[in-house]
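Mapping the sequence shown onto this note's numbering, position 251 (from 1) lands on 243, and the numbers just tick up by one. Cβ atoms here follow ideal geometry from the backbone N, Cα and C, with glycine treated the same way. Below: one structure, written as structure tokens.
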Amino acid sequence: MDNTHIKLIDVSKTFDANTAKQVRAVKNVSLSVNRGEIYGIIGFSGAGKSTLVRLINLLERPSSGQVLINGEDLTLLPKKELLKRRKRIGMIFQHFNLMQSRTVEGNITFPLRGQKLSKTEIANRIDSLLKLVGLEDKRDSYPSQLSGGQKQRVGIARALANDPDIILCDEATSALDPQTTGDILSLLKQLNRELNITIVLITHQMSVVKEMCDRVAVMDDGVIIEEDSLYNIFSNSKHEITRKFIDTASNIRAAIELLKTNPSLLGVKKGDIVARIDFNEKSTKEAVISQLSRKHGINISIIFGNVETVGGLPLGTLLVAFKGDEDPVKNAIEDIKSSDIHLEVLDSAGIY
Ligand SMILES: Nc1ncnc2c1ncn2[C@@H]1O[C@H](COP(=O)(O)OP(=O)(O)OP(=O)(O)O)[C@@H](O)[C@H]1O
Ligand SMILES: [Mg+2]
-7 MDNTHIKLID
3 VSKTFDANTA
13 KQVRAVKNVS
23 LSVNRGEIYG
33 IIGFSGAGKS
43 TLVRLINLLE
53 RPSSGQVLIN
63 GEDLTLLPKK
73 ELLKRRKRIG
83 MIFQHFNLMQ
93 SRTVEGNITF
103 PLRGQKLSKT
113 EIANRIDSLL
123 KLVGLEDKRD
133 SYPSQLSGGQ
143 KQRVGIARAL
153 ANDPDIILCD
163 EATSALDPQT
173 TGDILSLLKQ
183 LNRELNITIV
193 LITHQMSVVK
203 EMCDRVAVMD
213 DGVIIEEDSL
223 YNIFSNSKHE
233 ITRKFIDTAS
243 NIRAAIELLK
253 TNPSLLGVKK
263 GDIVARIDFN
273 EKSTKEAVIS
283 QLSRKHGINI
293 SIIFGNVETV
303 GGLPLGTLLV
313 AFKGDEDPVK
323 NAIEDIKSSD
333 IHLEVLDSAG
343 IY
């Protein structure tokens, strides 16, 4: 059975197409998201992420291309049908977008308006939504009386009001502190697991990606430059931009900065070759460093190390300094480069 839930085929969006201000926000993007998947989209500001997710529920109409949900092309539907389909796609935002003059209940019932539901049906629906997001005691509060995390829970309850099978999250946790972010992410994960809701999640925070996503797309300048499983994106990314994002989720940046400004603090001397070594699930367990050092008769000192699990698999980064004569060091580096392990020479004093 085809498990594809969302499919974009060669979709583009150009704003102000007929003017000098024309912006090509999304360019010929194709992607598929499977049912029940959590699909992450990362990219720098202005990359086109928000525009891309707004194309999924046709809040933005594509300039060209097809948007298929459950195999049905939304761009071909008459307005009334489109509105019906859109109700089944919930959306949550960074700034919650709640109506300040309505209570929690008022905000959550808003998407139910215009449907022929009895008072009891609405009351029951509210009860179960408030319970689901843990806000039973805030029913009559106004948004100004809620914390950021509580507001986002209202946002999630509102997004769930029409029983969606897709939720689009645009920076949903960016305005929240780490603890509250964790709570909201757990809630989203619970909805994904228990209700099998497909989630498309935009974020700047790689920690969020690491925690949540099954697959990840990296956007730059309107294009998806890379897409892969969570583990492959972290362990074997192809693009510089992706690496930059990944490094923001580890301490390696700080270690590299320190290396630039004060190498002696890390025990690095003139003549040492400093390299970054990334391990994946095949190589973390091997005693690579000690083997190399024995084989080539050199010293390899570890300056910085980080080993973690991503998607349940181990992933490691080491900064090392090769210390020894020129030729054996060169040979050791060639040895690693010809293996599965990713090595990048960061700094060398005179050899390369
Ligand atoms: N309604 C609009 N009219 C004109 N240009 C727009 C419109 N919406 C977005 N753009 C432009 O499209 C490009 C992509 O914007 P978009 O909001 O999709 O980026 P983003 O990746 O979500 O960025 P951020 O991370 O800052 O939210 C930007 O250059 C933006 O200025
Ligand atoms: Mg955006």
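**Message:** Does Met198 come out as helix, strand or coil in the three-state DSSP assignment?
**Reply:** Here residue 198 corresponds to residue number 206 of the sequence shown, with the count starting at 1. Looking at Met198 - three-state DSSP - the assignment turns out to be helix.
**Item:** Host alpha helix (DSSP H) of Phe237 (start-end)
**Value:** For the purposes of this step, residue 237 is taken as residue 245 along the sequence shown, with counting starting at 1. Looking at the DSSP string, the run of the alpha helix (DSSP H) that includes Phe237 is Glu232 to Thr240.
**Asked** How is Ser120 classed by DSSP in three states: helix, strand or coil?
**Response** Here residue 120 refers to the residue found at position 128 of the sequence shown. The answer is helix: DSSP assigns Ser120 an H, G or I state.
**Message:** Quick check on DSSP: helix, strand or coil for Gly147?
**Reply:** Taking the first residue of the sequence shown as position 1, residue 147 is located at position 155. Gly147 falls in the helix class under three-state DSSP.
**Asked** Using DSSP with H/G/I as helix, E/B as strand and the rest coil, what is Asp332?
**Response** Here residue 332 refers to the residue found at position 340 when the sequence shown is read from its first residue. It is coil, neither helix nor strand.
**Request:** Quick one: residues in its chain with C-beta nearer than 6 Å to the C-beta of Ser55, no 5 flanking neighbours on either side, listed in chain order?
**Result:** Counting from one through the sequence shown, the residue named residue 55 turns up at place 63. The answer, listed in chain order, is Ser4, Lys5 and Thr6.
**Asked** Cβ of Val208 within 8 Å of Cβ of Asp220?
**Response** Here residue 208 refers to the residue found at position 216 of the sequence shown. Here residue 220 refers to the residue found at position 228 of the sequence shown. Their beta carbons are under 8 Å apart, which means Val208 touches Asp220 by this criterion.
**Message:** Less than 6 Å between C-beta atoms, sequence neighbours within five positions excluded: which residues of the same chain meet that for Gly342?
**Reply:** Locating residue 342 in the sequence shown gives position 350, counting from the first residue. Caution is warranted here: a pLDDT of 37 is assigned to Gly342, below 50, making its placement in the model unreliable, and the coordinate value is therefore given only provisionally. Correct list: empty, nothing qualifies.
**Request:** Give me the Cα-Cα distance between Gly304 and Thr112, rounded to the nearest whole angstrom.
**Result:** On the sequence shown, residue 304 is found 312 positions in, with the first residue counted as 1. On the sequence shown, residue 112 is found 120 positions in, with the first residue counted as 1. One C-alpha to the other measures close to 44 Å.
**Request:** Under 7 Å Cβ to Cβ from Val25, same chain only, skipping five residues before and after it: list those, please.
**Result:** Residue numbering aside, residue 25 sits at position 33 when the sequence shown is read from its first letter. His(-3), Ile(-2), Tyr31, Thr190 and Val192.
**Message:** Suppose the cutoff is 6 Å on Cβ atoms and the five residues either side in sequence are ignored; what does the same chain contact list for Val96 look like?
**Reply:** Here residue 96 corresponds to residue number 104 of the sequence shown, with the count starting at 1. Counting only Cβ-Cβ distances below 6 Å, and skipping sequence neighbours, we find Lys130, Arg131, Ser133 and Val146.
**Asked** Cβ of Ser166 within 7 Å of any heavy atom in ligand 2?
**Response** Here residue 166 is taken as the residue at index 174 of the sequence shown, counted from 1. Placement of the Cβ of Ser166 at a distance of 7 Å or more from every heavy atom of ligand 2 is found.
**Message:** Checking 8 Å against the spacing of the C-beta atoms, do Ile100 and Arg150 come in under that value?
**Reply:** Counted from its first residue, the sequence shown places residue 100 at position 108. Counted from its first residue, the sequence shown places residue 150 at position 158. Yes, the pair counts as a contact, with Cβ atoms nearer than the cut-off.
**Message:** Measuring CB atoms only, is the segment 260 to 267 touching the segment 322 to 337, in the sense that at least three cross pairs come out at less than 8 Å?
**Reply:** yes
**Message:** Only counting the same chain, and skipping five residues up and downstream in sequence, which positions put a Cβ closer than 8 Å to that of Gln14?
**Reply:** To locate residue 14, count along the sequence shown from 1; it is residue 22. Within the same chain, Gln14 has close Cβ partners Thr6, Phe7 and Asp8.
**Prompt:** Counting pairs of beta carbons, one from the segment 156 to 168 and one from the segment 71 to 91, are three or more of them closer than 8 Å?
**Reply:** Judged by pairs of C-beta atoms under 8 Å, the segment 156 to 168 touches the segment 71 to 91, as three or more such pairs exist.
**Asked** Could you name the residues, in chain order, whose CB is less than 7 Å away from a heavy atom belonging to ligand 2?
**Response** Lys41, Ser42, Asp162, Glu163 and Ile194
**Asked** Taking the C-alpha atoms as reference points, what is the distance between Gly316 and Asp332?
**Response** Taking the first residue of the sequence shown as position 1, residue 316 is located at position 324. Taking the first residue of the sequence shown as position 1, residue 332 is located at position 340. Cα to Cα, the separation comes out at about 24 Å.
**Request:** Compute the Euclidean distance between the alpha carbons of Gly82 and Thr234, then round it to the nearest angstrom.
**Result:** For the purposes of this step, residue 82 is taken as residue 90 along the sequence shown, with counting starting at 1. For the purposes of this step, residue 234 is taken as residue 242 along the sequence shown, with counting starting at 1. C-alpha separation (whole angstroms): 28 Å.
**Request:** Count the other CB atoms, across all protein chains shown, that sit within 10 Å of the CB of His231; report buried if there are 16 or more and exposed otherwise.
**Result:** Reading the sequence shown from its first residue, position 239 is the one you call residue 231. Classification for His231: exposed.
**Asked** Between Asn154, Val280, Val337 and Leu179, which lies nearest to Lys108 when the distance is taken from Cα to Cα?
**Response** Numbered from its first residue, the sequence shown carries residue 108 at position 116. With distances taken between Cα atoms, Lys108 lies closest to Asn154.
**Request:** Please look up how many angstroms separate the CB atoms of Gly214 and Arg16, rounded, as I've assumed it's under 8 Å.
**Result:** What you label residue 214 is simply residue 222 of the sequence shown in a count that begins at 1. What you label residue 16 is simply residue 24 of the sequence shown in a count that begins at 1. Right, their Cβ atoms sit about 6 Å apart.
**Asked** In three-state terms, what does DSSP make of Pro54?
**Response** For this step, residue 54 is matched to residue 62 along the sequence shown. In this structure, Pro54 counts as coil in the three-state DSSP scheme.
**Prompt:** Rounded to the nearest angstrom, how far is the Cβ of Ile158 from that of Arg77, given a contact under 8 Å?
**Reply:** Taking the sequence shown and counting its residues from 1, one reaches residue 158 at position 166. Taking the sequence shown and counting its residues from 1, one reaches residue 77 at position 85. Not quite, the Cβ-Cβ distance comes to about 10 Å (not below 8 Å), so this is no contact.
**Request:** Pick helix, strand or coil for Pro45, following the three-state DSSP scheme.
**Result:** Taking the sequence shown and counting its residues from 1, one reaches residue 45 at position 53. The sequence shown places Val at residue 45, rather than the Pro named in the question. Looking at Val45 - three-state DSSP - the assignment turns out to be helix.
**Prompt:** Among Gln171, Leu74 and Gln283, which residue has its Cα nearest to the Cα of Leu51?
**Reply:** As a working note, residue 51 is residue 59 in the sequence shown. Minimum Cα distance to Leu51 is reached at Leu74.
**Message:** Am I right that Pro306 and Val299 are in contact with their C-beta atoms under 8 Å? What's the rounded C-beta distance?
**Reply:** The sequence position of residue 306 within the sequence shown is 314, counting from 1. The sequence position of residue 299 within the sequence shown is 307, counting from 1. Between Val299 and Pro306 the Cβ distance is about 6 Å, and since that is below 8 Å, they are a contact.
**Request:** Return yes when at least one heavy atom of ligand 1 lies under 7 Å from the C-beta of Asp8, else no.
**Result:** Residue mapping note: residue 8 aligns to position 16 of the sequence shown, counting from 1. Set against 7 Å, the gap from the CB of Asp8 to the closest heavy atom of ligand 1 is smaller.
**Asked** Taking DSSP as the reference, what is the three-state secondary structure of His288?
**Response** Working through the sequence shown from its first residue, we reach residue 288 at position 296. Helix at His288.
**Prompt:** Per DSSP, Phe7 is paired with what?
**Reply:** For the purposes of this step, residue 7 is taken as the residue at position 15 of the sequence shown. Bridge partners of Phe7: Val15.
**Prompt:** Under 8 Å, do Pro135 and Gln92 count as touching if we go by C-beta distance?
**Reply:** Residue numbering aside, residue 135 sits at position 143 when the sequence shown is read from its first letter. Residue numbering aside, residue 92 sits at position 100 when the sequence shown is read from its first letter. Yes; because the gap between Cβ atoms is below 8 Å, this pair is in contact.
**Prompt:** How about Phe296 and Leu310: do their beta carbons lie closer than 8 Å?
**Reply:** Taking the sequence shown and counting its residues from 1, one reaches residue 296 at position 304. Taking the sequence shown and counting its residues from 1, one reaches residue 310 at position 318. Yes, the Cβ-Cβ distance between Phe296 and Leu310 is below 8 Å.
**Request:** Let me know the secondary structure DSSP gives Ile343 once reduced to three states.
**Result:** Counted from its first residue, the sequence shown places residue 343 at position 351. With a pLDDT of 33 at Ile343, under the threshold of 50, the modelled position of this residue cannot be trusted; read the value that follows with caution. Ile343 falls in the coil class under three-state DSSP.
**Prompt:** Shortest alpha-carbon distance to Asp169 belongs to which of Lys72, Met211, Gln58 and Gly141?
**Reply:** Residue numbering aside, residue 169 sits at position 177 when the sequence shown is read from its first letter. Closest by alpha carbon: Gly141.
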